[in-house]
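A.B. asks: Take a look at this one; I'll ask things after.
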Amino acid sequence: MGTLSATQLLSPSLTLSPETASPAARFLFQSRNPNPRALPSIIITNRAPCPLSKLWLSQALPNSASVSIEANPQKNASTLRELCQGHVPEHVLRRVEEVGYVRPTNVQLQALPILFSGRDCILHAQTGSGKTLAYLLLIFSVINTQRSAVQAVIVVPTRELGMQVTRVARMLAAKPMELELEQRSCTVMALLDGGMLRRHKSWLKAEPPTIVVATMRSLCQMLEKQILKLESMSVLIIDEVDFMFNSSKEVSSLRKLLTSYSSLNERQTVFASASIPQHRRFLYDCIQQKWTKSDVVHVHVNPIQPMPSCVHHRFVICGKNRKHQVLLSLVESDAPKSSITFVSEQSEKSKKAGNAPSTTLLVDFLKASHLVCSDIHLLEEDTNFNLRAASLSEVRQGGNYLLVATDIAARGVDLPETTHIYNFDLPRTAVDYLHRAGRTGRKPFSDDKCIVTNIILSEERFVLQRYENELLFKCEELIL
Ligand SMILES: Nc1ncnc2c1ncn2[C@@H]1O[C@H](COP(=O)(O)OP(=O)(O)OP(=O)(O)O)[C@@H](O)[C@H]1O
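Here is the structure:
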C-alpha cells in the first residue's frame, strides 16, 4: 500500500479538532486499510506539527498506524522546556538547559508528546538526531526516585554505547546539592559485558538502581540468575534494535526479555534506531509477537532522506597496495581536526594464519609517517575492555584525534567533533555504511560540512553505487 498524504486522509472541509477529525481519520484509515498487514502511513509535509497536533494525531490514529513526519525545524518555536513541562522534573530540565539543549531536535519534537502519552513507540530517525535524549526524558518523566527498584532498562548493542548512554543519564540525573539532601537520587547502573559483575550483584541486592543500562548478554545473565528482577520496570528501551537481528542468539534473548521476563502491559516499550529495514513488516511483527501494544506509533523522521544532509560523500579509486598511501594523502590534504578511519575486522582465517590485524598495521603506518595533525588512537574488538574505555575517554577529552576503528565504533558512538570519516575498507552493507557515515554530522543545529571518503578498488564502485541507491545519497569521485 502506498503512502497517503494528510490531505488525502483528512478532507479540507473538516475542522481539525480531535472531536470532528478523529472519527473521520479512523474511518478513512479503516476503509483504506482492510488488510492489517499493509500498514498505512501518514506523511505531514510543509508544516511543522506542533506538539498538540502531534499528540492529537497519535490519539486519533487507529491501532498500529505509522506516522512519518517531515517538518521544517526552523519553524518550530517550541523549546525542550515547553515540551517537557509537567512531565520531566524541574532539576532534570535545568540540567538539560545547562548542558546546552534548548531547542528540541525533530525527533524530540515529534516523539516526546507521544512518549509522554504512554504509548509504545518506534523511534526511527537519522543518526545524530538526538534519539538518546528523547528516550531519557521519557524515563525521567516516569521514574519515582523514592522507590528502590529498577524502573527503566536500556538495552544497547555494545559496551561503548552503553558507557556513553550511562554517562548522559548520570549527567541528567545529577541533582543540585539542596535537593540531593532532601530526596533520594536517581541511580544509573551500567551492566556491560566484561564489567565487574560481582560488584554489581551485591549492589543490585543491597539497593537496586533506578535505571539499568545493559548489553543483552549481561542483562540476561542477571535475569537468569534472578539477581535482577523487572517487576517494577515501567520503561524498556531497546536502542539500535535492528542490530540485534544480526544474531539469532540476540533475537532469542530479546524475545525472552520482551515476552517472558517482562509483561507487555506493565511496561512502555521503545525501540530506537536510524535504520529499521522493512519497517512496516517490523511494526506488524512487533504487534503480532506481542513485543509492543497494538497501538504502537512509528515515528519516522525524514523518511525520504535517511542520511543527514550536512554529510558529503566522496570516493577515491586506487589499487589494493596503494590504500595506505592514499589515506595518508587524504589526511594530509584534509587536515581534519578529528576523524575516524574504519577498517574491516580481521577474519578468523587471517587470525589463524598469525597475521597482524589491518587496524594495527594501519596505526603503525600512520604513526611512522609523522603526521603532525592529531593523536592516533585504536578501537577494536580484540583490545581488552579497559583499554577500549581508556582509548575512547582520551579521544573525548583530547578533541583532536585520528581514531582507527572497526565497526565496534559504528553504532551509536557520539564523538560530535568528528568532521571526517574515512572508509579504508568499504562496509559490508548499506546499513553499516549509514551508521559509519553517521559518526559525523552529529551537531543537530550546525551547518558545518562533514565528509565521508571511501577508498575503494575499481570493482567496488558497483557496491558503493548500490549503497547510494539504497540510502539515497550521491558520492563524488575525487581524483588525487
Ligand atoms: N536538543 C538538542 N540540542 C542540541 N544538541 C542535542 C540535542 N539533542 C541531542 N543533542 C546532541 O546531538 C548528538 C547526537 O545525539 P544522539 O547520540 O542521541 O543521536 P542518535 O539519534 O542516538 O544517533 P545514532 O542513531 O547515531 O545513535 C549528541 O552529541 C547530543 O548531545
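Residue numbering for the sequence shown follows full-length UniProt numbering, starting at 1 and increasing by one per position. Heads up, the beta-carbon is just placed ideally off N, CA and C, and yes, glycines get one too.
Taking 6 Å as the cut-off, is the C-beta of G399 nearer than that to any heavy atom in ligand 1?
C.D. replies: No, ligand 1 has no heavy atom inside 6 Å of this Cβ.
A.B. asks: Counting beta carbon pairs with one atom in the region 407–415 and one in the region 303–322, are three or more of them shorter than 8 Å?
C.D. replies: Short answer: they don't touch.
A.B. asks: Can you find the residues in the same chain that come closer than 7 Å, C-beta to C-beta, to P176, ignoring five residues on each side of it along the sequence?
C.D. replies: These residues qualify, in order along the chain: H91.
A.B. asks: Starting from the Cα of L136, find the closest Cα among L236, S393 and R147 and give me that residue.
C.D. replies: Minimum Cα distance to L136 is reached at L236.
A.B. asks: Taking only the alpha-carbon atoms, compute the straight-line gap between M189 and V142 and give it to the nearest angstrom.
C.D. replies: About 17 Å.
A.B. asks: Here's the rule I'm using: 16 or more other beta-carbon atoms within 10 Å means buried, otherwise exposed. How should A173 be labelled?
C.D. replies: Buried, since its Cβ has 16 or more Cβ neighbours within 10 Å.
A.B. asks: Give, in chain order, every unbroken run of the beta strand (DSSP E) that is at least 3 residues long and sits entirely within the region 306–377.
C.D. replies: Complete beta strand (DSSP E) runs here, min 3: 311–317 and 339–342.
A.B. asks: Should L464 and F315 be called a contact, given that it needs their Cβ atoms to be closer than 7 Å?
C.D. replies: Yes, Cβ-Cβ distance for L464 and F315 is below 7 Å.
A.B. asks: Would you check if the distance between the CB atom of E231 and the CB atom of S148 is smaller than 7 Å?
C.D. replies: Against a cut-off of 7 Å, the Cβ pair of S148 and E231 comes out as no contact.
A.B. asks: When the Cα atoms are used, what is the spatial distance from I122 to W291?
C.D. replies: If I take the Cα positions, the gap works out to 11 Å.
A.B. asks: According to DSSP, what are the bridge partners of T269?
C.D. replies: L236.
A.B. asks: With the cut-off set at 7 Å, would you say C84 and T145 are in Cβ contact?
C.D. replies: No, Cβ-Cβ distance for C84 and T145 is not below 7 Å.
A.B. asks: Rounded to a whole number of angstroms, what is the C-alpha to C-alpha distance between Q183 and V88?
C.D. replies: For Q183 and V88, the distance between alpha carbons rounds to 16 Å.
A.B. asks: L93 by DSSP, collapsed to three states: which one?
C.D. replies: It is helical.
A.B. asks: Can you grab the Cα-Cα spacing for the pair R119 / A390, in whole Å?
C.D. replies: Cα to Cα, the separation comes out at about 39 Å.
A.B. asks: How many Å lie between L415 and S129 at the Cα?
C.D. replies: C-alpha separation (whole angstroms): 13 Å.
A.B. asks: From C318 to I455, what distance separates their C-alpha atoms?
C.D. replies: Approximately 7 Å, taken between the alpha carbons.
A.B. asks: With DSSP as the reference, label L415 as helix, strand or coil.
C.D. replies: Here L415 sits in coil by DSSP.
A.B. asks: Put E207 into one of helix, strand or coil per three-state DSSP.
C.D. replies: Coil at E207, not helix or strand.
A.B. asks: Flag this pair as yes or no: are the beta carbons of L254 and M244 separated by less than 7 Å?
C.D. replies: A contact, by the Cβ cut-off of 7 Å.
A.B. asks: Which two residues bound the contiguous beta strand (DSSP E) that contains T453?
C.D. replies: It spans C450 to I456 - the beta strand (DSSP E) in which T453 sits, taken as one unbroken run.
A.B. asks: Can you find a heavy atom of ligand 3 that lies under 6 Å from the Cβ of T132?
C.D. replies: No copy of ligand 3 occurs in the structure displayed; its ligands are ligand 1 alone.
A.B. asks: Could you tell me the boundaries of the beta strand (DSSP E) in which A190 lies?
C.D. replies: V188 to L191 is the extent of the beta strand (DSSP E) around A190.
A.B. asks: For the alpha helix (DSSP H) that H435 lies in, which residues bound it at each end?
C.D. replies: That run of the alpha helix (DSSP H) goes A430 to A437.
A.B. asks: Going by the C-beta, is S129 closer than 6 Å to any heavy atom of ligand 1?
C.D. replies: Yes - ligand 1 has a heavy atom lying nearer than 6 Å to the Cβ of S129.
A.B. asks: Within 10 Å of its beta-carbon, does E160 have 16 or more other beta-carbons around it, so buried, or fewer, so exposed?
C.D. replies: E160 is buried by the Cβ-count criterion.
A.B. asks: Express the C-alpha separation of E332 and S369 in angstroms, rounding to a whole number.
C.D. replies: Their Cα atoms are separated by approximately 11 Å.
A.B. asks: For C310, would you say it is in contact with chain B, using Cβ-to-Cβ distances shorter than 7 Å as the test?
C.D. replies: Absent from the structure is chain B; it holds one protein chain and no more.
A.B. asks: Would you identify the three-state DSSP class for H87, choosing helix, strand or coil?
C.D. replies: Three-state DSSP puts H87 in coil, outside helix and strand.
A.B. asks: Using only alpha-carbon positions, find the residue among V107, C286, E459 and L434 that is nearest to residue 481.
C.D. replies: Residue coverage of the chain in this structure runs from 1 to 480, which leaves residue 481 outside it and unanswerable.
A.B. asks: On the CB-based measure, 16 or more other CB atoms within 10 Å of its CB, does V96 come out buried or exposed?
C.D. replies: V96 should be labelled buried.
A.B. asks: At which residues does the alpha helix (DSSP H) containing L387 begin and terminate?
C.D. replies: Run containing L387: F385 to G398, per the alpha helix (DSSP H) assignment.
A.B. asks: Report all residues from its chain with a CB closer than 6 Å to the CB of K474; omit the five preceding and five following residues, and keep chain order.
C.D. replies: For K474, where only same-chain residues beyond five positions count, there are no Cβ hits under 6 Å.
A.B. asks: Along the beta strand (DSSP E) that carries L478, what are the first and last residues, could you check?
C.D. replies: No beta strand (DSSP E) contains L478, which DSSP labels as neither H nor E.
A.B. asks: Nearer than 6 Å: is that true of the beta carbon of P157 relative to any heavy atom of ligand 1?
C.D. replies: It does not: the Cβ of P157 is nowhere closer than 6 Å to a heavy atom of ligand 1.
A.B. asks: Quick one: what's got a C-beta closer than 6 Å to P336's C-beta in the same chain, skipping five residues either side?
C.D. replies: Cβ within range, chain order: T419 and H420.
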